[in-house]
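Trainee:
Okay, structure coming up:
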């Protein structure tokens, strides 16, 4: 065990920090034209992604031709720390960079890589993930959007929901059923669907606290014709792609989440220092305890993250990584609840202008995105119990 | 930044566990619980294996191990519900002599070498009125000739009835708060001890009266008011606190493992109870809290080992997390075991009681959260 990184790793950190200081988009630039969905590429974001790609900082663990520099895992870790510290988003299309492009690079043809993956990595295209359906949420394998072969194309019919960024994406990574007679996990394929394909329509679902900023959508497919060449991987083997992501960074997904929690806690502590002195003794003691519990959660998540990363870096397994998603998202939810409660009835005020950010109560509602999307906390607990601890399936 | 145990550290853990499986089986713990054994043989075994010397510098006959090594041993002792003087001797007495003693008086040589050799045991008398806070000390040290006379009362001392030596914290008459604090080494037989009858009888928790104990000058670790004494006391408490958190988590992890095993094998309605989601989700939560608390524990141990500036806060975070951990693990561990957990014959209760006893020592979770609130300056204007 040790508290510091090797000098070579610190040298890597400073190299990136210096590059970042020179090339990062400015806070003003980002604020003037914010990304309003997870597939929105404002001009600054396009330039930024391209710059990172060209200079080998987009995915440091990859080779230069894919936007990297063959960095070691621990170097990628400090890279992610530095990005968070500088409050610069790595991308405004996280599912494109984190899931869609890597999956196409792993499973796609040269032509698919050239048409879809590389433009995503260069900031030219944005992607969305067509997974959940009205009848298939946590039980994703029950999805029923159909794709039927018809000559040299598939005809797609069905409906996706909660599709982040579909209103602004260029391409959809679509999970659909290609063999209705096979067992439910076996008859699924992935199609790369251009969002301007005839028969694809998007209905935005205004957000719970930001109706003007739409990220979630319903996507309808009505006799949409998708070229057979857009089938990713093998027919009926799509389920194998459902868990794909930036595999070499999988042990570090927590870095951004934990550092966001840390900065959320800084805001909470600031809020607390303002309001605590005016509270009656009992309420004050309770509120202090609530705030400190949030701090312990954040520090625990951080230590657990570094500990699990160290296991992976040594080539071992880190089963406790399965805990990070549920714990971090629930910690964030608790933290924002405490923030809103600290303010008493003033916490009801929705005062976007005050600090350029949403009210605690709004952020509390937003935080459910973390505990619901990408596998609810309940599903996470099933996964931990069954896959990590070996409890029998129900 | 590497917060996972190294190969050597993992090997130490495995070795300690192997030894304790043989030398400290539940049957031994049960004999101590029932007053049929003292556990002395276990301490002799530990001494044979140089465990008391582990964290001591080599110049005093120690093995030069780190505080992380000591934490590993203590976690395993908690897991085994081991009786004996290791915790008080190695994580309280030794740090007290190291941090408070003076080089010129050869305190370390005099008091630590016999510990390293397994010849003497020790403990620490600091708590009063249920508070492990130097500022709460009221026991008084009066100058008398070349030495001092100690008067007052200490509570919740480990092994006061068996330890050979005790470091006693007392203050100069008329001082308060962090002023005037001093530390003295008192022979164990000078203490007037009332051994308490506690829920975990393998921990010898005692209250102690200091009835005018005279201490010669060569047994004064820190004269009342000597510069650096308060800092040193906090450094001692950091180590003792992390160690008690380690003991708590050792017991908790074992309870968790037993609960998982039980949920896999106990069948009702024709299937293992662990297949029911109501059980599964609680067990997933136990796993989460045990892993999180362990991560904080070893971070704290590492800050102590590397003498990092965050050590004091990290110790409180670790103890607070361990406290919350035992709360959930004891409650759900016992609940999920059902009726069998309610019996004296089943081993679970040995662990439950160790976990609860450790929560109450060296500051509850709530008291350590209060300490963290202070380090976060929550109740100040933020400028301090």
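Chains as they are written, first to last, in my numbering: chain A, 1 to 394; chain B, 395 to 778.
We put the CB at the ideal spot given by N, CA and C, even for glycine.
Excluding five sequence neighbours on each side, which residues of the same chain lie with their C-beta closer than 6 Å to the C-beta of residue 391/A?
Mentor: Taking the first residue of the first chain as 1, we reach residue 391/A at position 391. Result list for residue 391/A: 385, in chain order.
Trainee: Just how far apart, CA to CA, sit residue 190/A and residue 328/A?
Mentor: As a first step, residue 190/A is located in the first chain; it is residue number 190 there, counting from the start. As a first step, residue 328/A is located in the first chain; it is residue number 328 there, counting from the start. Each residue's Cα considered, the two are about 30 Å apart.
Trainee: From residue 716/B to residue 642/B, what distance separates their C-alpha atoms?
Mentor: Numbered from 1 along the second chain, position 322 holds the residue referred to as residue 716/B. Numbered from 1 along the second chain, position 248 holds the residue referred to as residue 642/B. The straight-line gap from Cα to Cα measures roughly 6 Å.
Trainee: Quick one: grab the DSSP three-state call for residue 446/B.
Mentor: Reading the second chain from its first residue, position 52 is the one you call residue 446/B. Of the three classes helix, strand and coil, the one that applies to residue 446/B here is helix, per DSSP.
Trainee: Identify the contact partners of residue 311/A in chain B, using a Cβ-Cβ distance below 8 Å as the criterion.
Mentor: One-based indexing of the first chain puts residue 311/A at position 311. Near residue 311/A (Cβ distances below 8 Å), the residues of chain B are 398.
Trainee: What are the complete beta strand (DSSP E) segments, minimum 3 residues, inside the region 597–634 of chain B?
Mentor: Whole beta strand (DSSP E) segments, 3+ residues: 599–609, 614–616.
Trainee: Does residue 692/B come within less than 9 Å of chain A when only Cβ atoms are used?
Mentor: For the purposes of this step, residue 692/B is taken as the residue at position 298 of the second chain. Residue 692/B counts as touching chain A.
Trainee: Taking 9 Å as the cut-off, decide whether the C-beta atoms of residue 645/B and residue 752/B are in contact.
Mentor: Within the second chain, residue 645/B is the residue found at index 251, counting from 1. Within the second chain, residue 752/B is the residue found at index 358, counting from 1. Contact flag set, yes.
Trainee: Can you look up residue 661/B in the DSSP assignment and give me helix, strand or coil?
Mentor: Along the second chain, one-based indexing puts residue 661/B at 267. Residue 661/B falls in the strand class under three-state DSSP.
Trainee: Alpha carbon to alpha carbon, how far is residue 353/A from residue 31/A?
Mentor: The residue labelled residue 353/A in the question sits at position 353 within the first chain. The residue labelled residue 31/A in the question sits at position 31 within the first chain. Annotation note: pLDDT 48 at residue 353/A (below 50); position unreliable, no value reported.
Trainee: For residue 384/A, go through chain B and note every residue whose CB falls closer than 8 Å to its CB, in chain order.
Mentor: Position 384 of the first chain, counting from 1, holds the residue named residue 384/A. Those within 8 Å of residue 384/A in chain B are 678, 681, 682.
Trainee: Using CA coordinates, which residue listed in 68/A, 59/A, 78/A is at the minimum distance from residue 8/A?
Mentor: As a position in the first chain, residue 8/A is number 8, starting the count at 1. Among 68/A, 59/A, 78/A, the Cα nearest to that of residue 8/A belongs to 78/A.
Trainee: At what residues does the alpha helix (DSSP H) containing residue 44/A begin and finish?
Mentor: Taking the first chain and counting its residues from 1, one reaches residue 44/A at position 44. Residues 43–54.
Trainee: Measure the CB-CB distance between residue 308/A and residue 264/A and report whether it falls below 9 Å.
Mentor: Mapped onto the first chain, residue 308/A falls at position 308. Mapped onto the first chain, residue 264/A falls at position 264. Cβ distance not < 9 Å, so residue 308/A and residue 264/A don't count as in contact.
Trainee: Using the rule of at least 16 other Cβ atoms within 10 Å of the residue's Cβ for burial, across every protein chain shown, is residue 325/A buried or exposed?
Mentor: In the first chain, counting from the first residue as 1, residue 325/A sits at position 325. Buried, by the Cβ-count rule.
Trainee: Residue 437/B by DSSP, collapsed to three states: which one?
Mentor: Your numbering for residue 437/B matches position 43 in the second chain. The answer is helix: DSSP assigns residue 437/B an H, G or I state.
Trainee: Assuming residue 259/A contacts residue 84/A under a Cβ cut-off of 8 Å, what Cβ separation, rounded to an integer in Å, is found between them?
Mentor: Taking the first residue of the first chain as position 1, residue 259/A is located at position 259. Taking the first residue of the first chain as position 1, residue 84/A is located at position 84. So it is a contact: roughly 4 Å between Cβ atoms.
Trainee: Contact criterion: CB-CB distance below 9 Å. Does residue 292/A meet it with respect to chain B?
Mentor: On the first chain, position 292 is the one that residue 292/A refers to. By this cut-off, residue 292/A is an interface position.
Trainee: Report yes if the CB atom of residue 551/B is closer than 9 Å to the CB atom of residue 521/B, and no otherwise.
Mentor: Residue numbering aside, residue 551/B sits at position 157 when the second chain is read from its first letter. Residue numbering aside, residue 521/B sits at position 127 when the second chain is read from its first letter. Yes, the pair counts as a contact, with Cβ atoms nearer than the cut-off.
Trainee: In chain order, what residues of the same chain have a beta carbon less than 8 Å from the beta carbon of residue 442/B, not counting five sequence neighbours either side?
Mentor: By one-based count along the second chain, residue 442/B stands at place 48. Closer than 8 Å at Cβ, skipping near neighbours: 512.
Trainee: Which first and last residues belong to the alpha helix (DSSP H) in which residue 538/B is found?
Mentor: Within the second chain, the letter at position 144 stands for residue 538/B. Residue 538/B -> not in any alpha helix (DSSP H); beta strand (DSSP E) instead, spanning 534–538.
Trainee: Where residue 745/B and residue 412/B are concerned, what is the direct C-alpha to C-alpha distance, given to the nearest angstrom?
Mentor: Translated into the one-based positions of the second chain, residue 745/B becomes position 351. Translated into the one-based positions of the second chain, residue 412/B becomes position 18. Straight-line Cα distance between these residues: approximately 18 Å.
Trainee: What would DSSP say about residue 739/B, mapped onto helix, strand or coil?
Mentor: By 1-based counting over the second chain, the position of residue 739/B is 345. Reduced to three states, the DSSP call for residue 739/B is coil.
Trainee: Could you give the DSSP three-state label for residue 157/A: helix, strand or coil?
Mentor: As a working mapping, residue 157/A is identified with position 157 in the first chain. Three-state result, residue 157/A: strand.
Trainee: Can you list, in chain order, the residues of its chain whose CB lies under 6 Å from that of residue 426/B, leaving out five sequence neighbours each side?
Mentor: Counting from one through the second chain, the residue named residue 426/B turns up at place 32. The residues are 433, 477, 596.
Trainee: So that I know if they touch, is there some Cβ in chain B lying closer than 9 Å to that of residue 261/A?
Mentor: In the first chain, counting from the first residue as 1, residue 261/A sits at position 261. Taking Cβ atoms only, chain B never reaches closer than 9 Å to residue 261/A, which makes this a no.
Trainee: Could you tell me the distance, in whole angstroms, from the CA atom of residue 451/B to the CA atom of residue 269/A?
Mentor: Residue numbering aside, residue 451/B sits at position 57 when the second chain is read from its first letter. Residue numbering aside, residue 269/A sits at position 269 when the first chain is read from its first letter. In a straight line, the C-alpha of residue 451/B is about 41 Å away from that of residue 269/A.
Trainee: In the structure shown, what three-state DSSP assignment does residue 320/A receive?
Mentor: What you label residue 320/A is simply residue 320 of the first chain in a count that begins at 1. Residue state, collapsed to three classes: helix.
Trainee: At the level of alpha carbons, what is the spacing between residue 346/A and residue 566/B?
Mentor: The residue given as residue 346/A occupies position 346 in the first chain. The residue given as residue 566/B occupies position 172 in the second chain. Their Cα atoms are separated by approximately 50 Å.
Trainee: Ignore the nearest five residues each way along the sequence and tell me which others in residue 628/B's own chain have a CB closer than 8 Å to its CB.
Mentor: As a first step, residue 628/B must be located in the second chain, where it is residue number 234. Around residue 628/B: 528, 706.
Trainee: Reducing DSSP to helix, strand and coil, say where residue 361/A ends up.
Mentor: For the purposes of this step, residue 361/A is identified with residue 361 of the first chain, where counting begins at 1. Helix, per DSSP.
Trainee: Give me the chain A residues within the contact set of residue 689/B, using Cβ-Cβ distance strictly less than 7 Å, ordered along the chain.
Mentor: Stepping through the second chain from its first residue, residue 689/B is reached at position 295. Those are 300, 303, 304, 307, listed as they occur along chain A.
Trainee: For a quick check, are the C-beta atoms of residue 579/B and residue 488/B less than 9 Å apart?
Mentor: Residue 579/B sits at position 185 when you count from the first residue of the second chain. Residue 488/B sits at position 94 when you count from the first residue of the second chain. Taking 9 Å as the Cβ cut-off, residue 579/B and residue 488/B do not qualify as a contacting pair.
Trainee: Using the DSSP secondary-structure output, state which residues sit across from residue 577/B in a beta bridge.
Mentor: Taking the second chain and counting its residues from 1, one reaches residue 577/B at position 183. Answer is 563/B, 616/B.
Trainee: Just verifying my parser: in three-state terms, what is the DSSP assignment at residue 128/A?
Mentor: Residue numbering aside, residue 128/A sits at position 128 when the first chain is read from its first letter. It is a strand residue.
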